[in-house]
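Protein sequence lines correspond, in order, to chains A, B and C.
The first sequence: position 132 = 132 (our numbering), numbered continuously.
For any residue, its number in our numbering is found by taking its place in the second sequence, counting from 1, and adding 287.
For any residue, its number in our numbering is found by taking its place in the third sequence, counting from 1, and adding 563.
The beta carbon of each residue, even a glycine, is placed where N, CA and C say it ideally should be.
No experiment lies behind these values; they were computed from the predicted model shown.
Quick notes on the structure that follows.
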Amino acid sequence: MATHHAIRLGRLATAPSVLVLFMWMIVPLAMTVWFSLLRYNLLDAENAYFAGLDNYIYFVTDPAFSDAIKNTLLLVGTVLAVSVIFGIALALLLDQAILGRSIVRLLIITPFFVMPTVSALVWKNMMMHPVSGVIAYLFKILGLAPIDWFADAPRSAIAIMVSWQWLPFATLIFLTSVQSLDEEQKEAAEMDGASPFAYFFYIVLPHLARPITVVILIETIFLLNVFAEIYVTGSGGMAGNMPYLVYFQGLLNFDVGGASAGGIIAVILANIVAVFLMRMIGKTLES
Amino acid sequence: MARAIPLQRRLFMTILAWAAGLLIFFPVLWTVLTSFKTELEAFSTPPKLFFFDWTLENYSIVQERSNYLRFASNSIILSVGSTLIALAFGIPAAWAMAFQPGKRTKDLLMWMLSTKMMPPVGALIPLYLGFRDMGLLDTRGGLIAVLFLINLPIVVWMLYTYFKEIPVDILEAARMDGASLWKELVFVLAPMAVPGIASTMLLNVILAWNEAFWTLNLSTSEAAPLTVFIASYSSPEGLFWAKLSAASTMAIAPILVLGWFAQRQLVRGLTFGAVK
Amino acid sequence: MTSMLKTAGLGVGLAMMLATGAMAETKLTIATVNNGDMIRMQGLTADFTAQNPDIKLEWVTLEENVLRQKVTTDIATKGGQFDVLTIGTYEVPIWAKKGWLVPLDNLDKDYDVDDLLPAIRGGLSMDGKLYAAPFYGESSMVMYRKDLFDKAGLKMPDAPTWTFIADAARKITDKSAETYGVCLRGKAGWGENMAFLSATANSFGARWFDEKWHAQFDQPEWKNTLDFYVKLMKDAGPPGASSNGFNENLALFNAGKCGMWIDATVAASFVTNPKDSKVADKVGFALAPDNGLGKRGNWLWAWSLAVPSGSKKTAEAQKFVAWATSKGYLNLVASKEGWANVPPGTRTSLYMNPEYAKVPFAKMTLDSINAADPVHPTVKPVPYVGVQFVAIPEFQGIGTSVGQIFSKALAGDISVDDALKQAQETTTREMTKAGYIK
């Protein structure tokens, strides 16, 4: 029944979105590419000149560059692992017949509503502070030496903060999915005397394949650009990721050329990740 | 047949779930509690949970210092405005992609998502110059445009996955009955799509509300939302934890309340095609 | 047709707005940092608007780093969003040289420019013209707990040496009681740990660059500085020192956990305020330490108000700047909030005032400011201006990179030698890139 008319209408319907997004992408991108070829410091704009690939060379040979890539991937990977594993665990827990389930669910999704800047400030000053933080206090009660998070374990600290924000999102998606598991399937499994492990691995996990890919896809997009948490806690030196490095060039050095080169490199890297993701997602979502 | 669940197990699960919930909720609770402490108590060790002299001092200081209502109303205008525009663009696009998928539809979707992967700082200076030339600096219109664009890919993606779940048979049937495209949209598709649209809307209001890079860099006063409000309380010289907690509470309260009330709605559509 | 009407309407509206705008009030947009003295000023502007009913003030109050990045972006791209800027001694010489700031040469006689403290005025002037008016000035000094010193049988001299500070810090430290001998900045940043370390390095005879802009981290003076700092903090510093900046140390000191704290003079009013501090009545002050080389380890900074040349309301903006940094404003604060809350460190007359002399930290603040010399900051000659910074555009980036490296050294991630080596490499790299080293 798909007539030409309908196809044309379909194109017409997608065109505005594609068009604005294309403009949004191409105009800044073109300008960024151009700036990335200039020796252009915002504080010395009169003396800008064409520098070829110098900015790229400087950016890539920066000792912080390889660390930034490592930190970016490590952060994305850790947070994804945490949100998938704990997200499933929480979803299964919430699926149980527990008292006050809706209130518990409310408590669990709360972090998702908190601004990243606020969350970073709260974690840094009130949770993880080595002297007056709540975590340090708990450690002291247990007779342990408090961890100085942002000095000794900055990457873990950032990962904890970011996981805290994204775990609710994963939990919600998994929960909806777990709840859509057939009640009869559940009962049948129980009747057959299937062990909880068998039940989990043969029934629940396959059922969760799609939500897992979805969580990975959506969260990766946001996790690649985690910035506020690193910036606000001042752990850019040890846990700085790509966005932080670009920020460093752009808004601390005011080196527009360098930051633009960094931005382009980040886009290339992100697209590599995107292709990789697309392969993975494509397969699962096709079904 | 309702399954009989042993009471013990139920109790255990309840305790476990509540423990997890409270653990996750704790930082927010702590922020709210700290906002009622004095600066000295906010920093005292051991930390005081409930037993301290409750004070509203921080709130009155914040109220005195900044025009909270203006920041909050800007936040509302920006997040709702950008979301509505995104829906206006996204619904037709997602509808077409879901019902007349072409060979390139998947690629198009992934490309849209990939526009979100560039670190925003990289494009700040070009955009800042553009905004300056168009007179958009510190205007709500300019910020709405940016927020709309950064959230559009998510909107399209989310709606697409939702629309795809709508059985095509129903549409076919409607067409057989000679329903025009318009009627098809309004009477058949719309009622089925509303939950998905509502949930998309909620998610994007949340994302736009919390966006802190562009809003901070492209606005100063007239169009400044709550992210800028927070930046005026973070890390001054001097003690600031209690005041910052009060400001934080005020900044997240509206969206938190909205989220809590609308959580069922949010959850229902928040599947991204993950649930069949 | 309708669109034409709309356009016409828009044009008329615009014209009317412009016309009425010219007759009615002028709105000044003021970008300012969220520190206590600035917040206080916002509360007192009724005095200004009463004198100038045609001027309306719009405040944009931001945290220091956000403020700096916004204001710099705006002025460099000529965005023209602000009419009055709050900037520091780091920006003023760079921006004035660029022609981005309006020289403040219309100040009337009452303003009494010659009353400004010479060290501060020097840092804000270029070729004899003042480009920003100081709102408050600060240096750094030692704040110490008299009770802990008494207990340990120590006596703080007015002008201590680093050796004395180190010994005293180690003696006072009692980690089981969470009392740490000395709290110093460790948080990475050009305005955080590097402010302290650069100033300290000056007193150890070190310098950032030689006359040809070559980095000097491979010199023994820097090694002595960093060795001293890292060892001292390990023995007598609080846990988490590598993420402590001004505020973190202030909180520690106010909670009674530090024996000494070397930091900005403005901290004095916080630590002696019984509302915020547990140790308000036990604090003493001394000059920042030295090593007998002729330079003390104290810095110089002034938060100042300037008018960007992109502003279209420079006359009104200058009026405001003059009001906020006038003698009259100091008196206004004194009458409303007491002398201890007057913004310090800008005017000689304030320190001649017998009322102000009663404030416990007044004399030490003045002596500290006078002990700093931004034009000749180091023992050996340097090509730059600035005590705890180098007034070149690239310094924010370089200073922060080096700050991150030194912060790692403090945390024990890398050795002092490695840190210096990395600092040398990074700095040389950036200076080559920026074209200073040919």
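For residue i, name the three-state secondary structure that DSSP assigns.
i              : result
V842 (chain C) : coil
V275 (chain A) : helix
E187 (chain A) : helix
W24 (chain A)  : helix
N861 (chain C) : coil
R39 (chain A)  : strand
T835 (chain C) : coil
Y247 (chain A) : helix
Y674 (chain C) : helix
F323 (chain B) : coil
K718 (chain C) : coil
S132 (chain A) : coil
V114 (chain A) : coil
I825 (chain C) : strand
V942 (chain C) : coil
Y792 (chain C) : helix
S353 (chain B) : coil
V905 (chain C) : coil
V596 (chain C) : strand
A585 (chain C) : Unreliable placement is indicated for A585 (chain C), whose pLDDT of 47 sits below 50; no coordinate value is reported for it.
Could you tell me which chain C residues have their CB closer than 7 Å to the CB of residue i, listed as they occur along the chain?
i              : result
L144 (chain A) : Here the premise fails: no neighbours, minimum Cβ distance about 13 Å.
E328 (chain B) : Correct list: empty, because the minimum Cβ distance to chain C is about 11 Å.
R419 (chain B) : T640 and G642
Are any of the Cβ atoms in chain A nearer than 8 Å to that of residue i?
i               : result
L414 (chain B)  : yes
W547 (chain B)  : yes
N497 (chain B)  : yes
I1000 (chain C) : no
A538 (chain B)  : yes
T318 (chain B)  : yes
S898 (chain C)  : no
Which bits of chain B does residue i rub up against, with CB to CB less than 7 Å?
i              : result
A64 (chain A)  : In chain order: nothing, as chain B lies at least about 14 Å away.
V623 (chain C) : T507 and S508
I602 (chain C) : R352
Y56 (chain A)  : Within chain B, no residue comes near Y56 (chain A); the closest Cβ sits about 13 Å away, beyond 7 Å.
For the candidate residues the options, whose alpha-carbon lies nearest to that of residue i?
i              : options                           : result
D737 (chain C) : C:R748, C:K820, C:S766 and C:E701 : C:K820
T78 (chain A)  : A:V131, A:G100, A:S163 and A:Y247 : A:S163
S151 (chain A) : C:L973, C:E988, C:T724 and C:T995 : Correcting the residue identity first, residue 151 (chain A) is Ala in this sequence and not Ser. Measuring from the Cα of A151 (chain A), the nearest candidate turns out to be C:L973.
A510 (chain B) : B:E351, B:L356 and B:F323         : B:L356
G240 (chain A) : A:V134, A:L99, A:L42 and A:A64    : A:A64
G133 (chain A) : B:F313, B:W305 and B:D464         : B:F313
F112 (chain A) : A:S102, A:M161 and A:V131         : A:M161
Determine, using beta carbons only, whether residue i comes closer than 8 Å to chain B.
i              : result
M127 (chain A) : yes
V256 (chain A) : yes
Answer yes or no: does any C-beta atom of chain C fall closer than 8 Å to that of residue i?
i              : result
P406 (chain B) : no
S360 (chain B) : no
D67 (chain A)  : no
D291 (chain A) : Outside the modelled stretch of chain A, which goes from 1 to 287, sits residue 291 (chain A), for which no answer is possible.
W305 (chain B) : no
Y520 (chain B) : yes
V323 (chain A) : Limits of chain A in this structure are 1 at one end and 287 at the other, which puts residue 323 (chain A) out of reach.
Shorter than 7 Å, the distance from the beta carbon of residue i to the closest heavy atom of the ligand MG, or not?
i              : result
L868 (chain C) : Of the ligands one can find in the structure shown there are none, so the ligand MG has no counterpart to examine.
What does residue i reach in chain A if we use C-beta pairs closer than 8 Å?
i              : result
R297 (chain B) : Q96, A97, I98 and L99
So with CB distances below 9 Å, who are the chain B contacts of residue i?
i              : result
T636 (chain C) : L411, I412, Y415 and N504
So which residues on chain B does residue i lean against when the C-beta distance must stay under 8 Å?
i              : result
G263 (chain A) : M405, P406, V408, G409 and A410
D936 (chain C) : Those do not exist, as D936 (chain C) stays about 24 Å from chain B at its closest Cβ, beyond 8 Å.
Residues of chain C with CB under 8 Å from residue i, in chain order?
i              : result
D152 (chain A) : A974
Which chain A residues sit within Cβ distance under 7 Å of residue i?
i              : result
S401 (chain B) : A270, N271 and A274
Can you list the alpha helix (DSSP H) stretches of 4 or more residues lying completely in the segment 140-180 of chain A, in chain order? 149-152 and 154-179
Which runs of the alpha helix (DSSP H) at least 4 residues long sit entirely within the segment 473-538 of chain B? Give them in chain order. 477-497, 501-505 and 513-518
Pick out the complete alpha helix (DSSP H) segments inside the segment 968-999 of chain C, 4 residues or longer, and give them in chain order. 979-996
At 4 residues or longer, and completely inside the segment 363-446 of chain B: list those alpha helix (DSSP H) runs for me, N to C. 392-401 and 408-421
Runs of 3 residues minimum, wholly inside the segment 655-704 of chain C: which ones carry the beta strand (DSSP E) assignment? none
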